[in-house]
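S.K.:
The structure is reproduced here in structure tokens:
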């Protein structure tokens with residue numbers, strides 16, 4: 100898997116989307132290292148993606164990781180509408196709209212939960228509480244995969260700040276991966292060592308959290 104092969108996998112579905120949703124979905128692998136995320140999703144997993152956008156990761160996991168179900172939600176109605184372009188059976192592939200106050204949802208029954216570039220969109224005072232609630236909604240033994248922007252890389256995180264100001268018109272709040280490791284350890288979870296990856300000028304980290 101690489102950025103080019105992942106973008107090619109989404110070529111046909113993205114032709115059914117329009118505007119910014121189509122562009123962001125088709126070319127996201129060149130900005131976000133989705134191959135790094137997919138590598139940590141077990142074959143045949145029951146997957147739930149928090150803040151899934153148009154459902155690109157869910158679609159790729161079905162195609163490339165043979166997951167049994169690929170469900171997710173997003174707070175953007177436009178993104179949820181665009182997910183219809185993937186045209187898959189709703190019992191297997193499902194993207195639904197939730198309001199921010201309804202999140203996180205019940206995650207019982209899923210052995211793998213992903214959270215890709217979501218945390219930095221949550222207000223700083225609410226981030227740790229959101230993570231605790233997410234863990235509390237998951238089954239024992241399930242894994243939470245978090246990919247986000249590494250705040251310790253000052254210039255790179257600033258470039259992401261400009262990116263979100265331009266595309267999302269939002270001032271975001273990146274975290275240091277080392278801080279998040281401590282937060283999850285305080286919950287009694289097992290946390291992997293953060294992996295750092297650069298794409299273009301964006302510094303990404305990924306951690307895998309196992310629920311006790």
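Residue numbers (the numbering used here): 100 to 311.
Note that CB positions come from ideal geometry on N, CA and C, so glycine has one too.
As the structure is a computational prediction, the values presented were derived from the model and not from experiment.
Evaluate residue 184 with the Cβ neighbour count: other Cβ atoms within 10 Å of its Cβ, from every protein chain shown; 16 or more gives buried, anything less gives exposed.
M.R.: It is buried - the Cβ of residue 184 has at least 16 other Cβ atoms within 10 Å.
S.K.: Using the C-alpha atoms, what's the distance from residue 285 back to residue 110?
M.R.: 42 Å
S.K.: From residue 290 to residue 122, what distance separates their C-alpha atoms?
M.R.: 34 Å
S.K.: For residue 174, collect the residues of the same chain with a Cβ closer than 8 Å to its Cβ; drop the 5 residues on either side in sequence, then sort them by chain order.
M.R.: Around residue 174: 150, 196, 197, 198, 199, 202.
S.K.: Alpha carbon to alpha carbon, what distance is there between residue 231 and residue 283?
M.R.: 8 Å
S.K.: Examine chain C for any beta-carbon lying closer than 7 Å to the beta-carbon of residue 167, and answer yes or no.
M.R.: Absent from the structure: chain C. Only one protein chain is present.
S.K.: Using a Cβ-Cβ cut-off of 7 Å (strictly less than) and excluding sequence neighbours within five positions of residue 101, which residues of its own chain qualify?
M.R.: For residue 101, where only same-chain residues beyond five positions count, the Cβ hits under 7 Å are 134.
S.K.: Do the segment 242 to 255 and the segment 294 to 302 meet, that is, are 3 or more Cβ pairs less than 8 Å apart?
M.R.: yes
S.K.: Just reading off the beta strand (DSSP E) that residue 213 is part of, what are its end residues?
M.R.: 211 to 215
S.K.: I'd like to check one pair, residue 242 with residue 309: are the Cβ atoms closer than 7 Å?
M.R.: The answer is yes: Cβ separation under 7 Å.
S.K.: Could you tell me whether the Cβ atoms of residue 211 and residue 140 are closer together than 7 Å?
M.R.: yes
S.K.: Whole angstroms is fine: what's the gap from residue 294's alpha carbon to residue 117's?
M.R.: 34 Å
S.K.: What are the boundary residues of the alpha helix (DSSP H) that residue 262 is part of?
M.R.: 253 to 266
S.K.: Quick check on this structure: which residue in 142, 158, 143 has the alpha carbon closest to the alpha carbon of residue 106?
M.R.: 158
S.K.: Between which two residues does the beta strand (DSSP E) holding residue 246 run?
M.R.: Where residue 246 is concerned, the enclosing beta strand (DSSP E) stretches over 242 to 248.
S.K.: What are the boundary residues of the alpha helix (DSSP H) that residue 153 is part of?
M.R.: Per DSSP, residue 153 belongs to no alpha helix (DSSP H) and is neither H nor E.
S.K.: What is the DSSP secondary structure of residue 294, counted as helix, strand or coil?
M.R.: strand
S.K.: What's the C-alpha gap between residue 194 and residue 128?
M.R.: 20 Å
S.K.: Return the Cβ separation of residue 209 and residue 147 in integer angstroms, given the expectation that the two are a contact with Cβ distance under 8 Å.
M.R.: Contact between residue 209 and residue 147 holds: their C-beta atoms lie close to 4 Å from each other, under 8 Å.
S.K.: Between residue 255 and residue 238, what straight-line distance do the alpha-carbon atoms span, to the nearest angstrom?
M.R.: 35 Å
S.K.: On the criterion of 16 or more Cβ atoms from any shown chain inside 10 Å, does residue 219 qualify as buried, or is it exposed?
M.R.: buried
S.K.: Tell me residue 299's beta-bridge partners as DSSP assigns them.
M.R.: BP columns for residue 299 are empty, so no partner.
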